[in-house]
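Chemist: Counting from 0, one number per residue, gives the positions in the sequence shown under numbering that gives the first Met the number 0. The structure that follows is given in the form of structure tokens.
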Amino acid sequence: MLDKSMGLTVDCAAYDVEDSVTPDLKQSARHGLRDFLNTTRPKGIINVKGIYYGTAALMPRLLKQGQGGVMLNVASVGATRPRPGLVWYNASKGAVWNVTKGLAAEFGPHKIRVNSVSPLLGATGLFEAFSGVPDTPPENRQKFLDNVPLRRLCEAEDVANACVYLASDEASFITGINLEVDGGRAV
């Protein structure tokens with residue numbers, strides 16, 4: 000059961016705007032992360048910024064409330080199974096997974112659980128960019144699906160259901176994991 004009074008956030012990505020760091024966020028940055036985020040520009044760094052901003056906004060509130068909470072981050076199957084042509088995207092999603100583990104270790108003593116989900120490609124306009132072939136003819140999609148044991152693409156509900164579970168009391172002893180929502184593709 001999902002406790003609606005608990006602190007919860009799901010972080011995907013942040014809009015990449017230069018000089019959008021607030022003074023409070025600047026003070027909370029540690030170990031040069033702010034400098035890294037503002038000077039490193041590989042494709043995909045936006046995925047790390049989303050978690051950075053989400054953490055800076057959420058964690059002080061959860062710590063002040065003192066009742067724990069849940070933070071969920073969205074990575075990608077590219078974090079666990081990178082593909083050619085997507086090196087920087089995959090690296091950024093791998094960073095999401097690694098940051099998730101670090102945050103789980105850091106905030107676990109405060110009863111704050113941090114996990115990530117890694118969805119497979121869905122039926123979006125990004126099919127070609129991620130699969131390397133156009134979504135048409137139908138044979139291209141079928142060739143992709145032949146590598147997915149459950150023989151379908153990820154749907155928004157698949158990711159939402161995984162997030163609801165990770166945020167629920169049933170997952171109260173789960174932190175620092177990356178749940179692959181991929182129909183078995185990573186096996």
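A virtual CB, placed ideally from N, CA and C, is assigned to each residue, including glycine.
Going by other Cβ atoms of all chains shown within 10 Å of its Cβ, with 16 needed for buried, is proline 22 buried or exposed?
Modeler: Numbered from its first residue, the sequence shown carries residue 22 at position 23. With a pLDDT of only 38 at proline 22, under the threshold of 50, the placement of this residue in the model should not be trusted; the figure read from the coordinates follows. Exposed: under 16 other Cβ atoms inside 10 Å.
Chemist: Along the chain, where does the beta strand (DSSP E) containing serine 117 start, and where does it finish?
Modeler: Position 118 of the sequence shown, counting from 1, holds the residue named residue 117. Run containing serine 117: 111 to 118, per the beta strand (DSSP E) assignment.
Chemist: With DSSP as the reference, label valine 73 as helix, strand or coil.
Modeler: For the purposes of this step, residue 73 is identified with residue 74 of the sequence shown, where counting begins at 1. If DSSP states are grouped into helix, strand and coil, valine 73 belongs with the strands.
Chemist: Mind checking aspartate 157: buried by the 16 CB within 10 Å criterion, or exposed?
Modeler: As a position in the sequence shown, residue 157 is number 158, starting the count at 1. By the 10 Å Cβ count, aspartate 157 comes out buried.
Chemist: Indicate whether glycine 131 and proline 81 have their beta-carbon atoms separated by less than 9 Å.
Modeler: For the purposes of this step, residue 131 is taken as the residue at position 132 of the sequence shown. For the purposes of this step, residue 81 is taken as the residue at position 82 of the sequence shown. Taking 9 Å as the Cβ cut-off, glycine 131 and proline 81 do not qualify as a contacting pair.
Chemist: By Cβ distance below 8 Å, which residues in the same chain neighbour proline 148 in space, the five residues on each side in sequence not counted?
Modeler: Residue mapping note: residue 148 aligns to position 149 of the sequence shown, counting from 1. Around proline 148: Gly182, Gly183, Arg184 and Val186.
Chemist: Of the residues Leu57, Phe126 and Asn97, which one's Cα is nearest the Cα of leucine 85?
Modeler: To locate residue 85, count along the sequence shown from 1; it is residue 86. The option with the nearest alpha carbon to leucine 85 is Phe126.
Chemist: Here's the rule: buried if 16 or more other CB atoms are within 10 angstroms of the residue's CB, otherwise exposed. What is methionine 87?
Modeler: Looking up residue 87 in the sequence shown gives position 88. As written in the sequence, residue 87 is tryptophan, which differs from the methionine given in the question. Exposed, since its Cβ has fewer than 16 Cβ neighbours within 10 Å.
Chemist: Rounded to whole angstroms, what is the Cα-Cα separation between alanine 128 and phenylalanine 143?
Modeler: Looking up residue 128 in the sequence shown gives position 129. Looking up residue 143 in the sequence shown gives position 144. Whole-angstrom Cα-Cα distance: 13 Å.
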